[in-house]
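Below is one structure, written out as structure tokens; comments come after it.
2 protein chains.
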Amino acid sequence: MDVDTGNVTGEAAPRRRNAASTREAILRSAKIAFTRYGYDGIGVREIAQGAGVTAMLVNRYFGSKELLFAETVESVFAEPTLLTNDAATLSRFVAATLAGDESDENDHVDGFLLMLRSVSNPRAADILRDSIERHFEQQLAALLPGPDSHERVALFLSLIAGFQLMHNVLDSAAMTRADPAALARRLGVLFQQLLDPAPA
Amino acid sequence: MDVDTGNVTGEAAPRRRNAASTREAILRSAKIAFTRYGYDGIGVREIAQGAGVTAMLVNRYFGSKELLFAETVESVFAEPTLLTNDAATLSRFVAATLAGDESDENDHVDGFLLMLRSVSNPRAADILRDSIERHFEQQLAALLPGPDSHERVALFLSLIAGFQLMHNVLDSAAMTRADPAALARRLGVLFQQLLDPAPA
DNA sequence: GTCTATATAATGATAGAC
DNA sequence: GTCTATCATTATATAGAC
Numbered sequence: 001m002d003v004d005t006g007n008v009t010g011e012a013a014p015r016r017r018n019a020a021s022t023r024e025a026i027l028r029s030a031k032i033a034f035t036r037y038g039y040d041g042i043g044v045r046e047i048a049q050g051a052g053v054t055a056m057l058v059n060r061y062f063g064s065k066e067l068l069f070a071e072t073v074e075s076v077f078a079e080p081t082l083l084t085n086d087a088a089t090l091s092r093f094v095a096a097t098l099a100g101d102e103s104d105e106n107d108h109v110d111g112f113l114l115m116l117r118s119v120s121n122p123r124a125a126d127i128l129r130d131s132i133e134r135h136f137e138q139q140l141a142a143l144l145p146g147p148d149s150h151e152r153v154a155l156f157l158s159l160i161a162g163f164q165l166m167h168n169v170l171d172s173a174a175m176t177r178a179d180p181a182a183l184a185r186r187l188g189v190l191f192q193q194l195l196d197p198a199p200a
Numbered sequence: 201m202d203v204d205t206g207n208v209t210g211e212a213a214p215r216r217r218n219a220a221s222t223r224e225a226i227l228r229s230a231k232i233a234f235t236r237y238g239y240d241g242i243g244v245r246e247i248a249q250g251a252g253v254t255a256m257l258v259n260r261y262f263g264s265k266e267l268l269f270a271e272t273v274e275s276v277f278a279e280p281t282l283l284t285n286d287a288a289t290l291s292r293f294v295a296a297t298l299a300g301d302e303s304d305e306n307d308h309v310d311g312f313l314l315m316l317r318s319v320s321n322p323r324a325a326d327i328l329r330d331s332i333e334r335h336f337e338q339q340l341a342a343l344l345p346g347p348d349s350h351e352r353v354a355l356f357l358s359l360i361a362g363f364q365l366m367h368n369v370l371d372s373a374a375m376t377r378a379d380p381a382a383l384a385r386r387l388g389v390l391f392q393q394l395l396d397p398a399p400a
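Going down the list, the protein sequences come from chains A and B.
Following the numbering used here, the numbering of the first sequence begins with 1 at its first residue and continues without gaps.
Following the numbering used here, the numbering of the second sequence begins with 201 at its first residue and continues without gaps.
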């Protein structure tokens, strides 16, 4: 199983004998591999192969698979994605992104996929919970004024996670048979219901 | 790691030397173990131990771990849960069940937990997708008249799955800090939005 | 009908050479 | 800085005894 870090994307091969760039290459390979296969679904050998090195260097530079995963998660959730938008445009933006074709590289999607495919491992879940709380939930609650902000944030994230789970991970028939445009419309209504500070 | 099939629930120990009841005991242990730890998170040894037998009998009676999982999934999703209700009461019922204490045995919850914790494994995902489509989505779509029934079913299942993921699997801080009553209220509003045949 | 013992393969991690 | 070789553990699955 090759990971295909995408040597097409940039810097070709001359990376050997450089600690910093080797570390980066491993981290990049790990991000792709963990996102695609989940924490339990990929081994350090394959991650190393995707970076063009041997498995030994993974432990050399990151200590263990678990520590590599922690740094991968941190790296993915550190870059702001959904939070860059204001509450007014957020619902449409997220709905369109989720329901749209998964062809182009949408980093928002990737962050959630990494979570969905790894959360069944308890140690990975601990790491994910901590990172998501630090980078997501607090800022998101501040972005949603009005009553029940905590509850609305929880449901907002639940809906994103659940949609991606059914659509990209389980690939459920209900999603497959659904019309993308209608899906985006219905999804947008739900998001607005959560983001608008209407009392309930 | 013991699975604790609950020898308290019924038939105590005198089950030895009986093919049918041994099969049942293994299946019951598998249901608990797969739901709690996911497909990759538990081994046949531990499942067998939870049934009071050795690992060999698992393969003897079910062929392989994968076939045991398939039969477990089928067994869990075969019993009707959400579908017993009519559309009118469904939104309140599901919202209250999800947001309520997870202390009592709610089988609805268990079915989704089994899915959430195993879907990261591709072979398990195939099994789950097939079973869910056969037992859930078709009947659910028939229960939801009005426009965009496929899309609304997809979002209905997404919301349930996502909520359980954030609440019971990831145990996210947004969920932990949320007020259960307010959560149930907001959740109910979202479900009604999907179940009511209002055009969009 | 169920067991002990084992085959085979894969995993994460490490030792030591260059 | 990176490699080859290996250790220790664990996994599923099977062979053969009783």
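Backbone N, C-alpha and C define an ideal beta-carbon position, used for all residues, glycine too.
The model shown is predicted, which means the values in this text are computed figures rather than measured ones.
Every alpha helix (DSSP H) stretch that sits fully inside the region 110-188 of chain A and reaches 4 residues is listed by chain position as 122-132, 138-143, 149-164, 173-177. The C-alpha of residue 73 of chain A lies about 21 Å from the C-alpha of residue 97 of chain A.
Residue state for residue 53 of chain A is assigned as coil, using DSSP reduced to three classes. Under the DSSP assignment, residue 82 of chain A falls outside any alpha helix (DSSP H); it carries neither an H nor an E label.
Under the three-pair Cβ rule at 8 Å, the region 322-336 of chain B does not count as touching the region 135-142 of chain A. Taking 8 Å as the Cβ-Cβ cut-off, the region 362-391 of chain B approaches chain A at 362, 363, 365, 366, 367, 369, 370, 371, 372, 373, 374, 375, 377, 378, 379, 382, 383, 385, 386, 387, 389, 390, given in chain order.
One thing to note: residue 165 of chain A has its Cβ within 8 Å of the Cβ of residue 362 of chain B. With respect to the 8 Å criterion, residue 327 of chain B and residue 270 of chain B are classified as neighbours on the basis of their beta carbons. Look at residue 17 of chain A here: in three-state DSSP terms it is coil, with no helix or strand label. Secondary structure of residue 26 of chain A (DSSP, three-state): helix. The C-beta of residue 111 of chain A has 16 or more other C-beta atoms within 10 Å across all chains shown, which makes the residue buried. When the alpha-carbon of residue 218 of chain B is set against those of B:233, B:257, B:241, B:264, the nearest one is in B:257. Among the CB atoms of chain B, one or more fall inside 8 Å of the CB of residue 151 of chain A. Look at the beta carbons and you see the region 33-48 of chain A touching the region 60-69 of chain A: at least three pairs across the two are nearer than 8 Å. Chain-ordered, the chain A residues with CB closer than 7 Å to the CB of residue 332 of chain B read 172. As the crow flies, the alpha-carbon of residue 21 of chain A is around 10 Å from that of residue 51 of chain A. Looking at the backbone, the Cα of residue 288 of chain B and that of residue 395 of chain B are separated by about 8 Å. With a contact defined as Cβ atoms closer than 8 Å, residue 118 of chain A and residue 318 of chain B miss out at about 13 Å.
The Cβ-Cβ distance between residue 172 of chain A and residue 359 of chain B does not fall below 8 Å. Residue 123 of chain A counts as exposed, since fewer than 16 other C-beta atoms from the protein chains shown sit within 10 angstroms of its C-beta. For residue 291 of chain B, the enclosing alpha helix (DSSP H) begins and ends at 287-299.
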